[in-house]
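To start, the structure itself, in structure tokens.
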Amino acid sequence: MNQDGGKWVLLSVSTSKDASLRVFAWRRLRKLGAVYFHQSVCLLPDLPRVREALAPVTARIRGQGGRVRTLTITVPADEHDALVAEQRDDRNEEYAEVVERVPQFLEEIVMETARGRATYAEVEESGADLERFAKWLASIADRDYFQAGRGADARAAVQQCREALAAFEGAALAADTVADNSSESVVQLRVVEDQL
1 MNQDGGKWVL LSVSTSKDAS LRVFAWRRLR KLGAVYFHQS VCLLPDLPRV
51 REALAPVTAR IRGQGGRVRT LTITVPADEH DALVAEQRDD RNEEYAEVVE
101 RVPQFLEEIV METARGRATY AEVEESGADL ERFAKWLASI ADRDYFQAGR
151 GADARAAVQQ CREALAAFEG AALAADTVAD NSSESVVQLR VVEDQL
């Protein structure tokens with residue numbers, strides 16, 4: 001009977017007194033979904049995409065005078081299950097933050113529509129907000145190695161935002177078209193010189 005649960009990459013990072021390098025390492029490793037045991041020791045699943053993403057991070061740390069040790073370890077099944085659960089919990093918390101912010105986005109669109117402010121400027125602002133949501137969701141999904149349950153909720157919430165923005169864009173286009181057609185000042189165009 002196999003008692004091994006899975007392989008993980010254990011990293012030990014030393015950046016000496018270089019605070020900016022320490023912050024760089026911490027941010028990049030957290031972006032990959034690292035589970036930290038100590039300020040400079042963390043763990044990631046041993047997956048090809050993780051190894052590929054680690055290469056430039058470790059190269060930069062070493063290139064700037066830091067030290068990185070990477071070890072591939074096999075953990076017992078119960079420890080593996082606990083690590084997977086921790087990873088899923090972390091991703092579920094992140095997905096929940098996305099879901100929590102969606103009502104504010106939707107309320108903003110409803111409010112601007114009710115105020116008669118379905119304009120290009122508002123569409124552009126809401127589009128930028130939606131783009132941030134989509135990038136944030138993609139970033140979380142990139143480190144969701146074990147398919148956390150709240151991922152589907154977050155994807156559905158962002159899709160709801162896309163649909164609301166599409167309707168808002170339609171309202172803005174309709175309002176803009178009506179405004180153009182009802183304009184009192186009509187510009188007369190005439191041919192000054194025929195080039196043919």
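Just so we're aligned: the sequence shown equals residues 1 to 196 in the UniProt record's numbering.
Cβ atoms here follow ideal geometry from the backbone N, Cα and C, with glycine treated the same way.
To the nearest angstrom, report how far apart residue i and residue j are at their CA atoms.
i	j	result
V158	D129	11 angstroms
S14	V68	6 angstroms
E108	R88	31 angstroms
C42	L32	11 angstroms
R117	T58	49 angstroms
A134	V75	34 angstroms
A19	V110	45 angstroms
V99	W136	11 angstroms
V123	E79	48 angstroms
W21	G66	Residue identity differs from the one stated: residue 21 is Leu in this sequence, not Trp. Near 8 angstroms, if we compare the C-alpha coordinates of G66 and L21.
A25	I140	18 angstroms
M1	P48	Bear in mind that a pLDDT of 35 at M1, under 50, signals an unreliable position, so the number given afterwards is only what the model happens to contain. The alpha-carbon atoms of M1 and P48 are separated by roughly 27 angstroms.
L106	R115	14 angstroms
Run through DSSP, which three-state label would residue i get?
i	result
T119	coil
R143	coil
S40	coil
L11	strand
R67	strand
G149	coil
G33	coil
M1	Confidence at M1 is low in this model, with a pLDDT of 35, below 50, so its placement is unreliable and no value can be given for it.
Return no unless some Cβ of chain C is closer than 8 angstroms to the Cβ of residue i.
i	result
A157	Judged by its chain identifiers, the structure shown contains no chain C, having just a single protein chain.
Which whole-angstrom value describes the C-beta separation of residue i and residue j, a residue pair presumed to lie in contact below a C-beta threshold of 8 angstroms?
i	j	result
L165	S126	5 angstroms
Y120	A77	Not really, about 57 angstroms apart at Cβ, beyond 8 angstroms.
R91	R143	7 angstroms
P56	Y145	P56 to Y145, Cβ: 19 angstroms. No contact.
Between which two residues does the alpha helix (DSSP H) harbouring residue i extend?
i	result
L83	77 to 114
Within the chosen definition, does the region 79 to 86 reach the region 55 to 69 through at least 3 CB pairs nearer than 8 angstroms? no
Decide yes or no for the touch test of the region 9 to 25 against the region 34 to 42: beta carbon pairs closer than 8 angstroms, at least 3 of them. yes
Between the region 149 to 163 and the region 95 to 107, are three or more C-beta pairs nearer than 8 angstroms? yes
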